[in-house]
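Enquirer: So the sequences go chain by chain: A and B.
According to my numbering, the first sequence is numbered sequentially starting from 1.
According to my numbering, the second sequence is numbered sequentially starting from 1.
Even glycine gets a Cβ: it sits at the ideal position worked out from N, Cα and C.
Here you go, one structure.
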Amino acid sequence: MLFALAAGLCLLAPQTEPVTVYENAVIYPVSGPKIERGVLVIRGNKIESVGAAGAVTIPADAKRVDLNGKVLIPGLVDTHSHVGGGDGADESSPIQPDAKVWEGIDVQNPDFIRAAAGGLTTINIMPGSGHLMSGQTLYAKNRKARTVEDLFILGENGWIYGGLKMANGTNPIGTPPFPGTRSKSAALIRQKFQEAKDYQKKWKDWEAKKEGESPDRDPGLDAMVEALEGKRIVQHHTHRADDILAVLRLKQEFGLKVVLQHVSEGILVADEIAKTNTPCSIIVLDAPGGKLEAVNYSSETGRVLERQGVNVAIHTDDGITESRLFLRSAAYAVRGGMTESGALRALTLSGAEMLGLEKRVGSLEPGKDADFVVLSGSPFATRTRVLQTFVEGALRFDFNDPKMRVYAVGGPGAGHAVEPYLCCKGGN
Amino acid sequence: MITLFAALAILSSTPAAENLAIRAEILHTQEGAPIKNGVVLIEDGKIKAVGTAEQVTIPTGTRVLRAAVATPGLIDARSTLGLTGIYNQQGHDQDQQDNGGAVQPELRAMDAYNPREALISYVRSYGITTVNTGHAAGSLMSGQTFVVKLHGRTPDADSVKSPSFVLATLGPGSLGRGPGTRAKQLSELRDVFRGAQRAAKAGTAKGQKADALQLVITKKIPLLVTAYTAQDIASALRLKKEFGFDMVLDGGAEATTMAAELRAAKVPVFIHPLMQRPNGEAQNLSYETPAKLNELGIAFAFTSGYEGYVPKVRVVLMEAAVAVANGLADADALNGLTLGAAKLLGIEKRTGSLAVGKDADLALFDGDPFEYTSHCTATVIDGKVVWEGKR
């Protein structure tokens with residue numbers, strides 16, 4: 001009954017918003033089975049309906065686009081990226097929850113159009129892993145942007161969607177004030193969360209009575225309180241099996257919502273990950289090694305975790321792998337034994353869930369943001385191209401536009417976001 | 001007499017390769033069109049017969065490996081494999097770059113190659129059988145490369161050609177380690193090669209450094225010059241013109257903009273890993289470079305290059321797959337991984353194609369080798385099965 005009512009309301013949406021119908025497409029909604037001859041109806045920046053030809057009402061005022069059998073998938077969600085050159089914490093201390101990655105992001109960086117060329121529409125932009133806590137991450141919509149605010153996804157009361165980046169293992173280890181051992185890493189972070197709990201209580205007590213002066217605001221601790229409340233998800237870099245277990249311990253102790261990031265040795269503790277119902281955002285690499293913690297990297301992590309019933313997403317960690325090749329990462333996970341449907345979910349809905357954005361993005365369902373990608377063929381085939389990427393109904397990338405194509409394949413000019421004073425661009 | 005030699009071979013330290021047959025639904029010999037239902041017969045590590053299942057009878061009792069697709073063993077034309085290890089620990093498994101001097105053409109790859117490095121067996125499981133490996137492109141002249149089969153025995157036993165190239169690097173890759181500007185790089189290289197020419201004429205060339213340089217100026221082996229930008233490629237070609245040595249270009253991110261010059265100078269390209277990140281001097285790299293080089297008639301081979309972090313090695317087959325996804329025909333991509341690469345390395349008489357008498361180096365797949373979701377199911381080097389499984 002509620003559903004019917006909601007559908008009815010949809011039909012009453014303001015008629016001024018343009019309606020576009022994408023027809024004759026092979027649609028992978030991800031939230032449901034593949035549709036061989038599918039139709040996607042977009043009204044403004046939202047999905048109005050999706051379904052098989054004949055089963056979907058096509059509004060009379062709709063602009064119709066025949067996709068000639070091409071493939072439609074949801075816009076891809078990257079749960080771990082460093083596009084745009086953003087940074088968070090500096091060298092002054094190992095725990096800096098106050099640092100916001102978005103205050104260092106350059107939206108003119110060609111990373112963003114390259115990401116669109118890979119089909120990415122939602123990107124968790126993270127500060128680095130050289131700190132126990134390197135700051136607040138940004139869940140960015142890959143809109144065409146002039147300012148960083150153009151990338152924001154806003155929640156209630158203007159809350160800017162983002163997570164809290166944490167790391168353990170070798171990366172945050174250094175000389176004081178950085179921890180020198182894994183034990184010290186755990187002790188420092190436990191102490192800080194205890195401080196955040198005390199701060200949270202101080203504020204709760206004051207809010208209850210509102211007597212006397214309010215406690216001082218601490219923006220870093222505010223972000224950590226959001227983590228304690230489950231509103232801000234902890235995005236935790238971790239590779240080695242023992243480090244993964246250390247994160248699970250922290251999660252349990254403070255009741256945090258945690259996503260394990262990278263999880264290189266996840267297959268060694270897959271039981272523990274599954275039992276604690278902890279989602280994993282994994283990286284898919286062409287080879288192991290390069291750092292001690294990645295020596296046991298396995299191409300079968302996706303397969304093993306999926307089989308254990310763990311929610312698995314895949315990420316680029318762009319710079320480490322390339323946003324333009326994000327579909328390839330999932331194809332490679334399939335090579336390692338993951339199911340195709342699991343791998344596609346790992347690029348979309350699973351990622352959305354790990355960012356707490358599953359009501360807005362990650363699948364082609366009525367009411368969700370109109371983020372979708374047109375492919376020339378099957379999602380995991382080598383020769384398939386991303387032809388178009390739409391963010392909230394707007395065309396963000398078009399392979400057939402030469403000005404954008406250069407960012408997809410590279411070549412003279414691809415290193416710049418704006419057309420530069422390049423001599424002889426396109427010359428022989 | 002022949003029997004005696006065969007007996008001696010069996011008695012030598014290397015175990016004799018078993019006799020083996022490969023049956024593939026599609027057999028890419030690189031000596032003509034692919035053969036449907038092809039068979040390769042292997043005896044004593046060499047190819048004894050190649051043809052269709054009707055043409056080639058497999059003797060009873062021969063071990064048979066079956067595959068959807070079989071190709072010649074894949075060749076990686078430029079790597080640091082075996083010099084750079086999985087742990088990435090300086091002083092332990094990173095021997096690709098010595099900073100004791102900007103010009104060290106005497107540093108041999110064989111002396112630093114660890115045949116038991118874990119990444120060797122890793123890339124072998126993707127069908128790679130032969131690698132041209134050596135020092136990294138980190139200083140003006142960082143050393144040499146050698147061509148090695150990936151048996152993982154000893155560098156001496158596995159070597160196919162040593163040395164294969166003397167290395168030089170132009171542009172940002174070697175700036176700061178020695179010369180600080182591009183002009184200074186060129187000036188120092190001119191000094192090095194002029195000195196070598198004079199010493200050759202006077203008959204006074206002595207020592208390891210001189211020996212290595214003589215190999216280049218007497219055209220015994222080519223100079224492999226790493227250069228990415230059009231500017232640095234032009235500088236490399238200028239040097240070639242001045243000294244007349246043979247040259248292969250390595251990297252070559254902007255090689256297509258220098259196509260006419262490269263073709264005129266007959267300089268082939270060892271193309272950088274396609275999945276290298278488009279930063280710095282590689283900012284204008286293009287996934288379409290191999291397709292364009294092919295169209296422009298410039299010989300090229302694929303490489304895995306050098307990786308400083310994660311992942312620590314690239315798989316040359318996967319780099320070629322990106323070229324296939326961006327306009328390069330499958331046959332041309334396979335050529336750049338097999339016979340084409342073998343010719344550019346000067347080892348085509350031994351490997352690179354499936355022909356009678358050649359080394360029995362093969363890669364077996366359960367589908368299209370360039371599909372991301374296919375697997376390499378077996379790798380054969382000199383008739384020996386060095387990998388079986390599903391990678």
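Measure the alpha-carbon distance for K257 of chain A versus K192 of chain A and round it to whole angstroms.
Expert: Residue mapping note: residue 257 of chain A aligns to position 257 of the first sequence, counting from 1. Residue mapping note: residue 192 of chain A aligns to position 192 of the first sequence, counting from 1. Answer to the nearest angstrom: the Cα atoms are 17 Å apart.
Enquirer: In whole angstroms, what is the alpha-carbon distance linking I282 of chain A and D191 of chain B?
Expert: Locating residue 282 of chain A in the first sequence gives position 282, where the first residue counts as 1. Locating residue 191 of chain B in the second sequence gives position 191, where the first residue counts as 1. Looking at the two C-alpha atoms, the distance is approximately 51 Å.
Enquirer: Using the three-state DSSP reduction, which class does S12 of chain B fall into: helix, strand or coil?
Expert: Locating residue 12 of chain B in the second sequence gives position 12, where the first residue counts as 1. Confidence is the limiting factor: at S12 of chain B the pLDDT is only 43, short of 50, which leaves the residue's position unreliable, though a coordinate-based value still follows. Residue state, collapsed to three classes: coil.
Enquirer: Counting only Cβ-Cβ distances shorter than 7 Å, please list the residues of the segment 102 to 130 of chain A near chain B, keeping chain order.
Expert: none
Enquirer: Per the contact definition of three or more C-beta pairs closer than 8 Å, is the segment 111 to 121 of chain A in contact with the segment 323 to 337 of chain A?
Expert: yes
Enquirer: With H, G and I counted as helix, E and B as strand and the rest as coil, what does DSSP make of M500 of chain A?
Expert: Residue 500 of chain A lies beyond the residue range present for chain A, which begins at 1 and ends at 428; the question has no answer from this structure.
Enquirer: Name the chain B residues that come within less than 8 Å of G289 of chain A, Cβ to Cβ?
Expert: What you label residue 289 of chain A is simply residue 289 of the first sequence in a count that begins at 1. Within 8 Å Cβ-Cβ: G85, I86, Y87, N88, A118, L119, V310, P311, K312 and V313.
Enquirer: Taking the alpha helix (DSSP H) that W203 of chain A belongs to, which residues open and close that run?
Expert: On the first sequence, position 203 is the one that residue 203 of chain A refers to. Its alpha helix (DSSP H) spans residues R182 to K209.
Enquirer: Give, in chain order, every unbroken run of the beta strand (DSSP E) that is at least 3 residues long and sits entirely within the segment 122 to 173 of chain A.
Expert: 133 to 136, 138 to 141 and 164 to 167
Enquirer: Alpha carbon to alpha carbon, what distance is there between D44 of chain B and G69 of chain A?
Expert: Counted from its first residue, the first sequence places residue 69 of chain A at position 69. Counted from its first residue, the second sequence places residue 44 of chain B at position 44. Spanning the two alpha carbons is a distance of roughly 52 Å.
Enquirer: Could you check whether the Cβ of S286 of chain B sits closer than 7 Å to any Cβ belonging to chain A?
Expert: Against the second sequence, residue 286 of chain B aligns to sequence position 286. Interface residue, yes.
Enquirer: Count the other CB atoms, across all protein chains shown, that sit within 10 Å of the CB of R64 of chain A; report buried if there are 16 or more and exposed otherwise.
Expert: Indexing the first sequence from 1 puts residue 64 of chain A at position 64. The residue is exposed, with fewer than 16 neighbouring Cβ atoms inside 10 Å.
Enquirer: Taking 6 Å as the limit between beta carbons, can you name the residues of its chain near G342 of chain A, skipping five residues before and five after?
Expert: Walking along the first sequence from the start, residue 342 of chain A turns up at place 342. Result list for G342 of chain A: E306, in chain order.
Enquirer: According to DSSP, is A7 of chain B helix, strand or coil?
Expert: The residue given as residue 7 of chain B occupies position 7 in the second sequence. Confidence at A7 of chain B is low in this model, with a pLDDT of 44, below 50, so the placement of that residue should be treated as unreliable; the coordinate-derived value is given next. A7 of chain B falls in the helix class under three-state DSSP.
Enquirer: Near G84 of chain A, which residues of its chain fall below 7 Å by C-beta distance, leaving aside the five closest residues on each side in sequence?
Expert: By 1-based counting over the first sequence, the position of residue 84 of chain A is 84. Taken in chain order, the residues that qualify are I105, D106, V107, N109, D111, F112 and I125.
Enquirer: Kindly say whether E371 of chain B, judged by its beta-carbon, lies nearer than 7 Å to any beta-carbon of chain A.
Expert: For this step, residue 371 of chain B is matched to residue 371 along the second sequence. True, the Cβ-Cβ gap to chain A drops below 7 Å.
Enquirer: Could I get the ranges of all uninterrupted beta strand (DSSP E) runs contained in the segment 317 to 375 of chain A, with 3 residues as the minimum, in chain order?
Expert: 372 to 375
Enquirer: Judging by CA-CA distance, which residue of A:V259, A:E103, A:A25 and A:K100 is the nearest neighbour of E353 of chain A?
Expert: Position 353 of the first sequence, counted from the start, is the residue given in the question as residue 353 of chain A. When A:V259, A:E103, A:A25 and A:K100 are compared, the shortest CA-CA separation from E353 of chain A is found for A:V259.
Enquirer: Mind listing which residues of the segment 246 to 280 of chain B have their C-beta closer than 7 Å to chain A's C-betas, in chain order?
Expert: T257, A259, A260, M275, R277 and P278
Enquirer: Taking one C-beta from the segment 289 to 299 of chain A and one from the segment 273 to 292 of chain B each time, how about it: are there three or more such pairs within less than 8 Å?
Expert: no
Enquirer: So with CB distances below 7 Å, who are the chain B contacts of G377 of chain A?
Expert: Here residue 377 of chain A refers to the residue found at position 377 when the first sequence is read from its first residue. Near G377 of chain A there are no residues of chain B at all, since even the closest Cβ is about 11 Å away, more than 7 Å.
Enquirer: Can you check whether the CB of E254 of chain B is closer than 7 Å to the CB of N279 of chain B?
Expert: Taking the second sequence and counting its residues from 1, one reaches residue 279 of chain B at position 279. Taking the second sequence and counting its residues from 1, one reaches residue 254 of chain B at position 254. Not in contact: N279 of chain B and E254 of chain B (Cβ atoms no closer than 7 Å).
Enquirer: Give the single residue among A:T339, A:S363, A:G162 and A:H82 whose Cα lies nearest to the Cα of L349 of chain A.
Expert: Locating residue 349 of chain A in the first sequence gives position 349, counting from the first residue. Of the candidates A:T339, A:S363, A:G162 and A:H82, the residue whose Cα lies closest to the Cα of L349 of chain A is A:S363.
Enquirer: Identify every residue that forms a DSSP beta bridge with T84 of chain B.
Expert: The count along the second sequence starts at 1 and reaches residue 84 of chain B at position 84. B:L81 and B:Q94.
Enquirer: Could you tell me which whole alpha helix (DSSP H) segments of length 4 or greater appear in the segment 133 to 184 of chain B?
Expert: 155 to 158
Enquirer: Within 10 angstroms of the Cβ of D198 of chain A, are there 16 or more other Cβ atoms? Answer buried if so, exposed if not.
Expert: On the first sequence, residue 198 of chain A is found 198 positions in, with the first residue counted as 1. The residue is exposed, with fewer than 16 neighbouring Cβ atoms inside 10 Å.
Enquirer: With distances taken from CA atoms, which of B:L334, B:K266 and B:D361 is nearest I298 of chain B?
Expert: Translated into the one-based positions of the second sequence, residue 298 of chain B becomes position 298. Among B:L334, B:K266 and B:D361, the Cα nearest to that of I298 of chain B is on B:K266.
Enquirer: Taking G367 of chain A as the reference, give the member of A:G38, A:P33, A:V39 and A:V50 with the closest Cα.
Expert: Position 367 of the first sequence holds residue 367 of chain A. Comparing Cα-Cα distances from G367 of chain A to each of A:G38, A:P33, A:V39 and A:V50, the minimum goes to A:V50.
Enquirer: If you follow the beta strand (DSSP E) that I42 of chain A is part of, which residue opens it and which one closes it?
Expert: Mapped onto the first sequence, residue 42 of chain A falls at position 42. Here the beta strand (DSSP E) through I42 of chain A covers I35 to R43.
Enquirer: Which residues of chain A have a Cβ atom closer than 8 Å to the Cβ of Y122 of chain B, listed in chain order?
Expert: Locating residue 122 of chain B in the second sequence gives position 122, counting from the first residue. The answer, in chain order, is A287 and P288.
Enquirer: Can you find a C-beta in chain B that's less than 7 Å from the C-beta of F326 of chain A?
Expert: Against the first sequence, residue 326 of chain A aligns to sequence position 326. F326 of chain A does not count as touching chain B.
Enquirer: Buried or exposed: D205 of chain A, going by 16 or more other Cβ atoms within 10 Å of its Cβ?
Expert: In the first sequence, residue 205 of chain A corresponds to position 205, counting from 1. Classification of D205 of chain A: exposed, given that the 10 Å Cβ count is below 16.
Enquirer: In chain order, what residues of the same chain have a beta carbon less than 8 Å from the beta carbon of T3 of chain B, not counting five sequence neighbours either side?
Expert: Position 3 of the second sequence holds residue 3 of chain B. With a pLDDT of only 45 at T3 of chain B, under 50, the local geometry of the prediction cannot be trusted, and the value read off the model is given with reservation. Nothing meets the Cβ criterion.
Enquirer: From the DSSP output, read off the bridge partner residues of A73 of chain B.
Expert: Along the second sequence, one-based indexing puts residue 73 of chain B at 73. Checking the sequence shown, residue 73 of chain B turns out to be Gly, not Ala. Paired residues: none, contrary to the question.
Enquirer: Please state whether DSSP places N335 of chain B in a helix, a strand or coil.
Expert: Residue numbering aside, residue 335 of chain B sits at position 335 when the second sequence is read from its first letter. N335 of chain B falls in the helix class under three-state DSSP.
Enquirer: Using the C-alpha atoms, what's the distance from D246 of chain B back to K219 of chain B?
Expert: Position 219 of the second sequence holds residue 219 of chain B. Position 246 of the second sequence holds residue 246 of chain B. Each residue's Cα considered, the two are about 6 Å apart.
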